[in-house]
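Everything below concerns the one structure shown next.
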Amino acid sequence: MSILIKPIITEKATNDSELFNRYSFVVDKKANKVEIKDAVEAAYGVSISSVKTLNYPIQRNTKYTKKGLVTGIKSGYKKAIVQLAEGESIDFYNNL
């Protein structure tokens with residue numbers, strides 16, 4: 162089971178990483194903060210000072226079309242915001 166699913170590379174996450182040295186990841190829903198910390202340290206070779214987690218629920222939407230009522234679903238996920246130690250950084254674009 163892989164704990165880290167993918168890094169979040171958005172404008173807000175990029176500003177967070179440049180200004181505050183915080184990086185965001187989509188992680189497994191069952192992972193706790195200690196497991197996330199160990200996984201990031203092992204994958205990127207950095208030291209971490211804090212981990213914050215957020216659980217996003219499933220989003221359901223419905224709309225009326227010619228075919229009737231159409232429902233859609235967007236799966237929920239867990240997001241981890243990792244604060245690195247002073248002087249550390251992660252380069253997501255170098256390992257492509």
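In the numbering used here, the protein residues as written are 162 to 257. Think of the CB as a built atom: it goes at the ideal place given N, C-alpha and C, for glycine as much as any other residue.
Cutting at 8 Å between CB atoms, please list the residues of its own chain near residue i, excluding the five before and the five after it.
| i | result |
| --- | --- |
| Ser236 | Ile219 |
Residue i to residue j, Cα distance in whole Å?
| i | j | result |
| --- | --- | --- |
| Leu265 | Asn222 | Look at the range of the chain in this structure, 162 to 257, and you will see that residue 265 is not part of it. |
| Gly248 | Phe181 | 11 Å |
| Val207 | Asp252 | 11 Å |
Mind reading off the beta-carbon distance from residue i to residue j? Whole number of angstroms is fine, and I expect it under 8 Å.
| i | j | result |
| --- | --- | --- |
| Lys198 | Ile242 | Wrong, their Cβ atoms sit about 12 Å apart, outside the cutoff. |
| Lys240 | Ile164 | That pair is no contact at about 13 Å. |
| Val188 | Ile166 | 6 Å |
Would you call residue i buried or exposed, if buried means 16 or more other Cβ atoms sit within 10 Å of its Cβ?
| i | result |
| --- | --- |
| Phe186 | buried |
| Ser178 | buried |
| Thr246 | It is worth fixing the name first, because residue 246 is Ala in this sequence and not Thr. Under this definition Ala246 is an exposed residue. |
| Ala203 | exposed |
| Tyr184 | buried |
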